[in-house]
Ligand SMILES: [Ca+2]
Ligand SMILES: [Ca+2]
Ligand SMILES: [Ca+2]
Ligand SMILES: [Ca+2]
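Residue numbers (the working numbering), protein chains in the order written: chain A, 1 to 155; chain B, 1 to 155; chain C, 1 to 155; chain D, 1 to 155.
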């Protein structure tokens with residue numbers, strides 16, 4: 001299941017190292033000795049959780065089916081136009097963020113709104129691609145990894 | 001969107017009145033004058049919420065695609081065998097339950113475990129049908145409707 | 001109960017109009033005709049919800065008791081130093097944000113991190129005051145009000 | 001922090017072994033070789049999580065202050081009468097249940113409604129005691145421990 005989730009992320013153009021860069025970006029101000037390597041370790045730990053794997057697999061599958069126009073209506077239209085009132089992508093993301101407790105919520109919301117690095121790139125890749133779920137999933141994985149780092153840097 | 005959600009519920013064999021029966025079952029002990037009609041009104045109010053419509057449409061679509069074997073692997077296997085470690089169905093349900101606050105949580109969990117009336121029937125209709133999401137969606141709609149009734153029966 | 005919640009907010013230096021300013025700040029880019037008056041109306045609608053009133057009353061009471069050093073240890077120390085690993089303030093906030101669905105999550109996280117207007121002022125009022133819960137409560141009320149506006153500005 | 005949380009549970013009459021008995025009760029039907037010892041191990045693992053410790057400390061402190069009539073109004077009345085529309089106890093519990101993913105939700109709701117063993121005893125100890133938060137906290141710890149066992153009994 002871990003391999004399935006990581007494969008899907010890679011196929012959609014988001015290797016774990018790109019998520020680690022987002023984690024480093026938001027946490028380097030708090031922990032000056034933080035390395036990209038440690039961030040990657042935290043991202044991999046998040047991806048080990050079955051709850052996270054299930055959310056990633058479900059969300060990316062919906063993105064892919066929307067891209068191939070294989071969803072029945074009305075879901076096809078809702079997902080392919082990334083309707084801003086559709087909140088199922090945030091709901092799946094919340095399940096990921098919760099894995100290390102509620103302190104991840106703040107980072108998730110901030111990342112989802114400011115869309116740094118790979119998260120912003122996904123939003124601008126617009127030739128027929130659908131990333132309605134993927135951007136939230138990545139923001140959530142990065143936020144959970146940031147929580148993990150915050151917990152572990154505390155005696 | 002409301003019609004789309006209600007149509008899907010009807011097509012899957014769950015007209016709103018069946019959900020109202022579940023609400024009556026769990027609330028009649030608390031409010032002796034409660035009628036099936038009032039329960040139906042509460043179910044309809046829950047279904048008016050866009051958050052609920054989106055969860056219903058997304059969940060039932062995944063059930064239908066799993067039944068038609070049109071989901072890519074590994075999601076096809078996960079959803080069609082209703083893997084008990086797969087929690088995305090509970091996550092979608094939680095988004096519905098939350099609509100009237102956290103007091104719905106208890107009823108949701110109770111319904112999901114004891115599976116009265118239509119919820120139990122879904123579980124036993126087993127000739128190729130997939131209701132991995134539907135049973136949780138119904139338990140959640142019934143729990144949210146029960147919360148609405150509890151809130152409104154208080155001065 | 002509504003009056004109790006609004007009184008507590010006023011006593012803590014946060015009249016609803018200050019929360020409305022935060023809502024206007026984050027939503028004016030999306031809805032060019034949005035007025036402070038409409039934002040205030042949305043904030044008042046959020047405060048009408050019993051779930052919100054309960055969260056506000058509980059959180060502010062804990063802030064006040066911490067300020068008066070009337071909490072038993074270890075809670076007194078945790079709340080008064082606003083331990084960044086303490087997530088109960090975010091949990092209460094989430095219950096508020098959920099009232100209009102999951103799209104409020106993003107705005108909540110963004111507000112909690114960037115702390116505009118009154119939210120930032122609370123953080124800088126530092127002579128013995130404790131606002132561990134209050135800043136998250138306000139960010140959450142503003143985020144829920146923003147969701148309400150987003151839902152209502154859509155045909 | 002772990003000791004503080006466990007001490008509070010002991011002082012309130014709920015040693016971890018009593019929570020383990022609840023876990024065994026709800027899981028023995030699924031895993032015939034499950035022992036009380038393994039259930040206790042799972043409860044202890046849940047209690048190791050800082051998120052859980054914070055929820056336990058916050059909730060029990062509110063129960064204790066309500067018992068001593070040291071909460072300001074209106075929170076004193078709300079908590080001491082265990083108002084069934086007050087959902088903050090369920091919200092804290094949800095933060096615990098989420099620690100091992102959403103599959104814990106169902107068990108939490110079931111336990112909160114059926115109140116077996118120690119959970120039911122708390123409800124009947126009525127001479128001035130207040131367990132508004134404690135019953136939900138215990139149901140949530142037991143539900144999270146049950147999820148942990150379910151995850152670990154799967155290849
Ligand atoms: Ca999205
Ligand atoms: Ca299910
Ligand atoms: Ca705070
Ligand atoms: Ca309770």
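Beta carbons: idealized from backbone N, C-alpha and C, even for Gly. Please read all numbers here as calculations on a predicted model, not as lab measurements.
So with Cβ pairs under 8 Å, would you call residue i a contact of chain C?
i, result
"residue 133 of chain A", "no"
"residue 153 of chain B", "no"
"residue 57 of chain D", "yes"
"residue 74 of chain D", "yes"
"residue 66 of chain D", "no"
"residue 71 of chain D", "yes"
"residue 113 of chain A", "yes"
"residue 4 of chain D", "yes"
According to the neighbour-count rule (16 or more other Cβ atoms, all chains shown, within 10 Å of its Cβ), is residue i buried or exposed?
i, result
"residue 17 of chain C", "exposed"
"residue 27 of chain B", "buried"
"residue 89 of chain D", "buried"
"residue 101 of chain A", "buried"
"residue 37 of chain A", "exposed"
"residue 159 of chain C", "Here chain C comprises residues numbered 1 to 155, so residue 159 of chain C is not present and cannot be evaluated."
"residue 110 of chain C", "buried"
"residue 153 of chain D", "exposed"
"residue 53 of chain C", "buried"
"residue 120 of chain C", "exposed"
Say whether chain A places a C-beta atom closer than 8 Å to the C-beta of residue i.
i, result
"residue 41 of chain D", "no"
"residue 88 of chain B", "yes"
"residue 50 of chain B", "yes"
"residue 46 of chain B", "no"
"residue 128 of chain C", "no"
"residue 150 of chain B", "no"
Can you name, in chain order, every residue of its own chain whose Cβ lies under 7 Å from the Cβ of residue i, other than the five neighbours on each side?
i, result
"residue 40 of chain C", "16, 17, 20"
"residue 50 of chain A", "1"
"residue 122 of chain B", "131, 134, 135"
"residue 24 of chain D", "34, 36, 39"
"residue 151 of chain B", "100"
"residue 45 of chain D", "148"
"residue 67 of chain C", "128, 129, 130"
Can you name, in chain order, every residue of its own chain whose Cβ lies under 6 Å from the Cβ of residue i, other than the five neighbours on each side?
i, result
"residue 104 of chain A", "97, 143, 144, 147"
"residue 56 of chain C", "5, 137"
"residue 74 of chain C", "none"
"residue 140 of chain A", "93, 96, 97, 108"
"residue 82 of chain A", "132"
"residue 31 of chain D", "153"
"residue 58 of chain D", "none"
"residue 8 of chain A", "60"
At the 8 Å Cβ level, is residue i part of the contact set with chain D, yes or no?
i, result
"residue 20 of chain A", "no"
"residue 101 of chain A", "yes"
"residue 105 of chain C", "no"
"residue 61 of chain C", "yes"
"residue 84 of chain B", "yes"
Would you say residue i lies against chain B (beta-carbon separation less than 8 Å)?
i, result
"residue 91 of chain A", "yes"
"residue 97 of chain A", "no"
"residue 109 of chain D", "yes"
"residue 140 of chain A", "no"
"residue 94 of chain D", "yes"
Cutting at 8 Å between CB atoms, please list the residues of its own chain near residue i, excluding the five before and the five after it.
i, result
"residue 63 of chain C", "12, 79, 130, 131, 132, 133, 134"
"residue 69 of chain A", "76, 80"
"residue 117 of chain C", "18, 21, 22, 25"
"residue 86 of chain A", "78, 79, 132"
"residue 14 of chain B", "118, 122, 134, 138"
Contiguous alpha helix (DSSP H) assignments of at least 4 residues, all confined to the stretch 80-137 of chain A = 88-97, 104-114, 117-124
Only counting runs of 4 or more residues, tell me where the alpha helix (DSSP H) segments fall wholly within the stretch 7-35 of chain D, in order along the chain.
-> 16-27
In chain order, which alpha helix (DSSP H) runs of at least 4 residues are fully inside the stretch 39-77 of chain D?
-> 50-67
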